[in-house]
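For the protein sequence lines, the chains are A and B, in the order given. Throughout the first sequence, residue numbering follows our numbering, covering 5 to 236 in sequence. Throughout the second sequence, residue numbering follows our numbering, covering 5 to 236 in sequence.
Number of protein chains: 2
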Amino acid sequence: MKLKSFAKRMNIESDFYSFNPLYSSFLQSGVDSNDYETLCLKKGEVLYFQRFNRQGFYFIIEGLAKMELSHPTPRVIRLCKRGDMVGYGSWLVPKTENYKLMALQDTTVQFWTKDASESLQRKSTLVNQLLIEHLAQVILHKDERIASLQGETVENRVAHLLLWLAKNFGRQTAQGLLIDISLDRDCMAQLAGTIPVTLARVLTYFEQEKIILREKRKVLVLNIQELEKKTF
Amino acid sequence: MKLKSFAKRMNIESDFYSFNPLYSSFLQSGVDSNDYETLCLKKGEVLYFQRFNRQGFYFIIEGLAKMELSHPTPRVIRLCKRGDMVGYGSWLVPKTENYKLMALQDTTVQFWTKDASESLQRKSTLVNQLLIEHLAQVILHKDERIASLQGETVENRVAHLLLWLAKNFGRQTAQGLLIDISLDRDCMAQLAGTIPVTLARVLTYFEQEKIILREKRKVLVLNIQELEKKTF
Numbered sequence: 005m006k007l008k009s010f011a012k013r014m015n016i017e018s019d020f021y022s023f024n025p026l027y028s029s030f031l032q033s034g035v036d037s038n039d040y041e042t043l044c045l046k047k048g049e050v051l052y053f054q055r056f057n058r059q060g061f062y063f064i065i066e067g068l069a070k071m072e073l074s075h076p077t078p079r080v081i082r083l084c085k086r087g088d089m090v091g092y093g094s095w096l097v098p099k100t101e102n103y104k105l106m107a108l109q110d111t112t113v114q115f116w117t118k119d120a121s122e123s124l125q126r127k128s129t130l131v132n133q134l135l136i137e138h139l140a141q142v143i144l145h146k147d148e149r150i151a152s153l154q155g156e157t158v159e160n161r162v163a164h165l166l167l168w169l170a171k172n173f174g175r176q177t178a179q180g181l182l183i184d185i186s187l188d189r190d191c192m193a194q195l196a197g198t199i200p201v202t203l204a205r206v207l208t209y210f211e212q213e214k215i216i217l218r219e220k221r222k223v224l225v226l227n228i229q230e231l232e233k234k235t236f
Numbered sequence: 005m006k007l008k009s010f011a012k013r014m015n016i017e018s019d020f021y022s023f024n025p026l027y028s029s030f031l032q033s034g035v036d037s038n039d040y041e042t043l044c045l046k047k048g049e050v051l052y053f054q055r056f057n058r059q060g061f062y063f064i065i066e067g068l069a070k071m072e073l074s075h076p077t078p079r080v081i082r083l084c085k086r087g088d089m090v091g092y093g094s095w096l097v098p099k100t101e102n103y104k105l106m107a108l109q110d111t112t113v114q115f116w117t118k119d120a121s122e123s124l125q126r127k128s129t130l131v132n133q134l135l136i137e138h139l140a141q142v143i144l145h146k147d148e149r150i151a152s153l154q155g156e157t158v159e160n161r162v163a164h165l166l167l168w169l170a171k172n173f174g175r176q177t178a179q180g181l182l183i184d185i186s187l188d189r190d191c192m193a194q195l196a197g198t199i200p201v202t203l204a205r206v207l208t209y210f211e212q213e214k215i216i217l218r219e220k221r222k223v224l225v226l227n228i229q230e231l232e233k234k235t236f
């Protein structure tokens with residue numbers, strides 16, 4: 005894990021600035037360079053949320069990472085992508101010792117202290133409003149995730165996961181929507197709330213039904229309407 | 005659904021005031037009586053989040069209710085009890101049309117408008133801070149719920165649900181921890197991410213193992229350590 009060079013950082017951050025309204029409201033409210041720190045995680049590197057012994061949170065500036073909750077057993081609970089804000093739970097210590105982030109691609113994150121955030125909130129109504137809206141949005145996403153994990157059958161849950169991946173990482177190709185990330189079977193099975201062997205069985209079934217096509221580690225969604233029907 | 009009488013309201017609210025720091029920070033920051041509305045739901049009554057056509061959220065002042073997300077199929081996603089704050093998603097319309105609350109016991113809720121909340125946030129740093137901490141706490145709870153629903157087997161998920169119920173609604177008795185609420189099988193099965201017949205099978209298995217004892221619609225946890233082991 006290392007700090008990004010200044011020039012490279014400025015490039016990424018100015019791009020992210022126009023992409024994420026909450027982030028741009030932070031920067032527009034006047035920040036000190038001590039308020040945040042930009043880090044690059046190489047693929048496979050792990051970031052423990054409490055590493056700084058400081059309360060705060062992370063913006064995912066670019067890349068892809070999986071978030072694991074280690075209690076009671078290690079489980080991937082979400083994938084984090086560009087624009088996501090993670091680790092706000094550390095505002096409420098000490099539970100966040102159970103959280104870690106592992107980079108699935110080279111990933112740039114930015115750590116903001118709670119103090120810095122609170123000072124910006126005091127200065128700007130917009131920061132406040134966007135922060136609360138962001139947290140409410142996260143809650144809505146998690147509710148959808150809970151509802152999908154409550155799907156009665158494993159087929160339902162796998163279909164939900166594939167739809168979510170297609171929506172967030174899908175790239176249109178001539179054949180269909182390519183889920184353009186490599187996820188290992190363990191990680192996918194955990195996200196679908198099942199075990200790898202059952203996941204493989206369901207993927208084979210979806211392939212026989214011509215709903216998906218597997219290409220190495222990637223999945224191509226051929227028929228999104230049929231996939232939606234499999235969610236309930 | 006009806007408005008509470010003034011005297012009864014004052015009683016409940018003053019009790020809740022000392023119980024919930026966020027709520028008391030709201031009242032201490034100076035509110036107008038138009039800023040909120042107290043409602044009593046009889047057992048079985050349904051509250052649609054968008055009923056007021058106004059953005060806002062609800063405090064659960066007393067009682068117990070289940071929250072349902074109706075898309076893509078109706079599912080109970082959580083149980084709401086005294087002290088919970090629900091419906092903040094309506095700050096971000098239009099998705100909340102999919103949410104509703106059904107009272108499992110007589111339940112008192114209080115609706116606060118988004119405008120009122122934002123005005124209090126501007127007046128008070130404490131309101132702001134407690135609101136954000138509350139949302140972060142909700143996110144942590146949902147992460148735990150997601151991790152538990154990702155349990156590999158139905159036994160794992162049912163054990164998680166029983167533990168959560170014991171923690172939140174358990175009453176110590178001579179025999180063990182009585183989960184002191186009546187939940188129908190459909191609701192319990194949905195919360196555990198399974199179907200009623202499978203839930204019944206798992207409960208019978210836990211009963212044979214002397215981990216729980218069923219008494220009519222209630223569950224008595226006899227051996228909480230063994231129940232914890234069943235979660236992973």
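Virtual Cβ for every residue (Gly too), placed ideally from N, Cα, C.
Beta-bridge partners of residue i, as assigned by DSSP
i: A/C84; result: A/A69
i: B/V136; result: First, the amino acid is wrong: residue 136 of chain B is Ile here, not Val. Its beta-bridge partners do not exist; DSSP assigns none.
i: B/Y52; result: B/K104
i: A/Q114; result: A/T42, A/F63
i: A/I216; result: A/V225
i: B/V90; result: B/Y62
i: B/R79; result: B/L73
Beta-carbon gap between residue i and residue j smaller than 8 Å
i: A/L181; j: A/A196; result: no
i: A/R79; j: B/Q154; result: yes
i: A/L207; j: A/R218; result: yes
i: B/A69; j: B/L124; result: no
i: B/F53; j: B/Y103; result: yes
i: B/Q133; j: B/T42; result: no
i: A/D110; j: A/C44; result: yes
i: A/I216; j: A/L203; result: no
i: A/L105; j: A/L165; result: no
i: B/L135; j: A/I136; result: yes
i: A/E148; j: A/T112; result: no
i: B/I185; j: A/V142; result: no
i: B/F63; j: B/Y92; result: no
i: B/A163; j: B/K214; result: no
i: B/L139; j: A/A120; result: no
DSSP three-state assignment for residue i, whether helix, strand or coil
i: B/K104; result: strand
i: B/L226; result: coil
i: A/V162; result: helix
i: B/T42; result: strand
i: B/F30; result: helix
i: A/F23; result: helix
i: A/F210; result: helix
i: A/V142; result: helix
i: A/V35; result: coil
i: A/T157; result: coil
i: A/Q125; result: helix
i: B/K47; result: coil
i: B/K233; result: helix
Closer than 7 Å: residue i CB and nearest the ligand HEM heavy atom
i: B/T157; result: Looking for the ligand HEM in the displayed structure turns up nothing, as the structure carries no ligands at all.
Chain D contact residues for residue i, given Cβ-Cβ distances below 8 Å
i: B/V201; result: No chain D is present in this structure, whose protein chains are A and B.
Near-chain B residues of the region 163–185 of chain A - C-beta to any C-beta below 7 Å
none
For the region 114–126 of chain B, which residues have a CB atom closer than 8 Å to at least one CB atom of chain A, in sequence order?
E122, Q125, R126
Going along the chain, which residues of the region 145–160 of chain B sit with their C-beta nearer than 8 Å to a C-beta in chain A?
The region 145–160 of chain B vs chain A, Cβ under 8 Å: K146, D147, E148, R149, I150, A151, L153, Q154, G155, E156.
Whole runs of the beta strand (DSSP E) within the region 165–200 of chain A, excluding any shorter than 3 residues:
174–176, 181–183
Could you please tell me which residues of the region 61–79 of chain A, in chain order, have their CB closer than 7 Å to any CB of chain B?
Within the region 61–79 of chain A, the qualifying residues are L73, P76, T77, R79.
Give me the subset of the region 35–49 of chain A whose CB atoms are less than 9 Å from a CB atom of chain B, sorted by chain position.
none
Between the region 203–229 of chain B and chain A, which residues of the former have CB atoms less than 9 Å from a CB of the latter, in chain order?
none
Counting only Cβ-Cβ distances shorter than 8 Å, please list the residues of the region 129–140 of chain B near chain A, keeping chain order.
Answer set for the region 129–140 of chain B: T129, N132, Q133, L135, I136, E137, L139, A140.
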